[in-house]
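Numbering (the working numbering), first residue to last: 29 to 183.
Don't be surprised by glycine CBs; every beta carbon is placed ideally from N, CA and C.
This structure is a prediction, so every number in the text was calculated from the model and none was measured.
Step one of this worksheet: look at the structure below.
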Amino acid sequence: MAYWLMKSEPDCFSIDDLATRPNKTEKWDGVRNYQVRNMFRDQFKKGDQAFFYHSSCEVPGVVGLMKVVSNAYPDPTQFDPKADHYDPKSTPENPRWLLVDVQFQRKLKNPVTLAQLREHESGKLKGLLVLAPGSRLSVTPVKPEHWDFILSLAG
DNA sequence: GCCAACGTTGGC
DNA sequence: GCCAACGTTGGC
């Protein structure tokens, strides 16, 4: 089982949005980055755990826990001309973009802010990819020891 | 809203 | 295949 950190802008889709979805489950769609696509395809497994991270907002940080409840499969929004992330070069016979289904687990009592994570970036969280300079990937792996430490920061 | 850091695109 | 232009991300 692997651990992940997945970013979303709360104005667009927040942890509370996920918690109120039917079955508390949602397609993590709209990803149009090849590195993330490859992680979905090659490394994501049903049963993995993920942090829900709020980005581009007042207080960026880890706000909750999710479970990955599917393996990767084609993102239907790539075929929809009306969708924001429509990709005219992708076909159902040869889909370019994948997604996974995620299910709400719980919110953290105390969200762990980016500022808190940064306090430990040369210590306990050394190597955490979301802290890497210039890191813009919306999905990044989290080592088990980093996962546990971040949870301990949440109290 | 600014801007730095990247990724992608497309002409050549 | 190079690289300039452009678009996007995301913290501040």
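{"query": "Proximity to A111 [Cα-Cα], best of R60, L46, W32", "result": "R60"}
{"query": "Cβ pair G89, Q144 closer than 9 Å", "result": "yes"}
{"query": "Classification of Y81 by the beta-carbon crowding that lies within 10 angstroms, buried from 16 upward", "result": "buried"}
{"query": "Validate contact between the region 117-137 and the region 91-102 using beta carbons, cut 8 Å, 3 pairs", "result": "yes"}
{"query": "Neighbourhood of V158 by C-beta, 6 Å cutoff - its chain only, sequence neighbours within 5 removed", "result": "L33, T168"}
{"query": "Whether T48 touches V97 by CB criterion (9 Å)", "result": "no"}
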